[in-house]
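Undergrad:
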Amino acid sequence: MVITIQDPASQRLTWYKPPLTVLVIKKVRDVSVLQPFVQLVHWLIEVKRMVVFVEQSVMEDPLLLGNGDFGNIKEKLMTFRDGKDDLTDKIDFIICLGGDGTLLYASLLFQQSVPPVMAFHLGSLGFLTPFQFDNFQEQVTNVLEGHAALTLRSRLRCIIVRKNEESVNKPPTNLLVLNEVVVDRGPSPYLSNIDLFLDGKHITSVQGDGLIVSTPTGSTAYAVAAGASMIHPSVPAIMVTPICPHSLSFRPIVVPAGVELKIRVSPDSRNTSWVSFDGRNRQELYHGDR
Numbered sequence: 001m002v003i004t005i006q007d008p009a010s011q012r013l014t015w016y017k018p019p020l021t022v023l024v025i026k027k028v029r030d031v032s033v034l035q036p037f038v039q040l041v042h043w044l045i046e047v048k049r050m051v052v053f054v055e056q057s058v059m060e061d062p063l064l065l066g067n068g069d070f071g072n073i074k075e076k077l078m079t080f081r082d083g084k085d086d087l088t089d090k091i092d093f094i095i096c097l098g099g100d101g102t103l104l105y106a107s108l109l110f111q112q113s114v115p116p117v118m119a120f121h122l123g124s125l126g127f128l129t130p131f132q133f134d135n136f137q138e139q140v141t142n143v144l145e146g147h148a149a150l151t152l153r154s155r156l157r158c159i160i161v162r163k164n165e166e167s168v169n170k171p172p173t174n175l176l177v178l179n180e181v182v183v184d185r186g187p188s189p190y191l192s193n194i195d196l197f198l199d200g201k202h203i204t205s206v207q208g209d210g211l212i213v214s215t216p217t218g219s220t221a222y223a224v225a226a227g228a229s230m231i232h233p234s235v236p237a238i239m240v241t242p243i244c245p246h247s248l249s250f251r252p253i254v255v256p257a258g259v260e261l262k263i264r265v266s267p268d269s270r271n272t273s274w275v276s277f278d279g280r281n282r283q284e285l286y287h288g289d290r
């Protein structure tokens with residue numbers, strides 16, 4: 001007997017109108033990606049007649065500027081200002097050339113809804129990059145024609161509330177994260193002391209090097225290296241993993257996706273903590289921040 005259940009996170013790609021615009025993001029400072037990038041962009045523009053967006057840094061890359069094939073298509077490329085231009089309604093889908101870090105960067109660019117992402121494995125780590133570049137024309141054509149499956153991946157909505165800014169009604173920092181949020185002790189020689197709350201109830205205080213809060217997607221990254229289990233991306237859950245805890249009882253735990261987790265630097269902590277979001281936007285957390 002075989003028992004199956006339909007996976008709600010796995011869907012078929014359906015275009016309501018033919019896709020016209022694509023954002024191509026390549027791994028930075030990697031010479032091996034330059035030729036595949038030029039080849040892909042040239043094909044998208046000249047063969048598929050698509051509007052191709054790239055980062056401003058691509059237009060100024062000295063290695064690309066010396067490439068004759070890139071020079072022929074440079075004037076046809078569109079660009080944007082990172083952090084200033086809203087791409088939400090401009091991009092039909094995204095193509096990433098690189099590793100997992102390239103895909104995480106693409107996720108951070110879209111802080112509302114994310115267009116479908118097609119990730120080619122041209123980097124060092126490829127948990128999230130299932131496509132091989134050898135037959136990219138066939139694979140991209142399948143996506144353009146709607147012959148592809150989608151895996152929906154959850155993200156963490158993270159809000160930093162500063163104690164000294166609540167009184168002046170300054171809006172808190174708000175980020176959507178695909179992999180994980182890491183709170184650690186930063187450069188301090190002392191252990192972190194972090195209070196963890198679940199739906200307003202104090203669960204535990206973490207003494208150690210820090211804490212990782214990850215999505216199922218991020219469970220294969222820093223969390224698994226810190227001793228957590230891997231979670232299938234279709235499972236609606238959040239993984240909470242201590243980093244080198246000074247405790248025999250606190251081990252990685254899995255909580256439902258719908259809960260609210262609050263992390264606070266403990267009033268008893270001898271030092272501040274530092275937080276990063278998918279390895280970026282690193283900043284210091286002071287006593288009373290949450």
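Residue numbers (full-length UniProt numbering): 1 to 290.
Where a beta carbon is used, it is the ideal one built from N, C-alpha and C, also for glycine.
1) So which of F250, V22, R153, G126 has the shortest CA-CA distance to I95?
2) For F131, collect the residues of the same chain with a Cβ closer than 7 Å to its Cβ; drop the 5 residues on either side in sequence, then sort them by chain order.
3) By how many angstroms is the C-alpha of G258 removed from the C-alpha of D289?
4) Between I194, T220, P256, D278, which has its C-alpha nearest N271's C-alpha?
5) With distances taken from CA atoms, which of P189, G227, P233 is nearest S154?
6) What does DSSP give as the partner residues of W274 in its beta bridges?
7) Looking only at its own chain, which residues have a Cβ that is under 8 Å from the Cβ of M59, when we skip the five neighbours before and after it?
8) Once the 5 residues before and after Y16 are set aside, which same chain residues still bring their CB inside 7 Å of it?
9) Is the distance from the Cβ of D100 to the Cβ of F136 below 9 Å?
10) Would DSSP call N193 helix, strand or coil?
11) So the candidates are Q56, V183, L20, D134; which of them puts its Cα closest to the Cα of Q35?
12) Report all residues from its chain with a CB closer than 6 Å to the CB of F37; omit the five preceding and five following residues, and keep chain order.
13) My understanding is that L178 touches T129, with C-beta atoms under 8 Å, so please give their C-beta distance in whole angstroms.
14) Note down the Cα distance separating P189 from S269, rounded to an integer number of angstroms.
15) Write down the C-beta distance between F110 and L87 rounded to the nearest angstrom, noting that I regard them as a contact closer than 8 Å.
16) Are there 16 or more other CB atoms within 10 angstroms of the CB of D264, so buried, or fewer, so exposed?
17) Distance check for L13 and A106, CA to CA, integer angstroms please.
18) Rank S266, Q39, A148, K163 by C-alpha distance to the C-alpha of G68 and give the top, closest one.
19) Note down the Cα distance separating Q112 from I243, rounded to an integer number of angstroms.
20) Determine the contact status of V206 and L261, defining contact as a CB-CB distance below 9 Å.
TA: For this structure:
1) V22
2) M118, A119, F120, H121, Q139
3) 23 Å
4) I194
5) P233
6) D184, E284
7) K74, L77, T79
8) none
9) no
10) strand
11) D134
12) K26, L97
13) No, L178 and T129 are not in contact; Cβ-Cβ is about 13 Å, not under 8 Å.
14) 12 Å
15) 7 Å
16) For clarity, residue 264 is Arg in the given sequence; the question names Asp instead. When all chains shown are included, R264 counts as buried.
17) 19 Å
18) Q39
19) 30 Å
20) no
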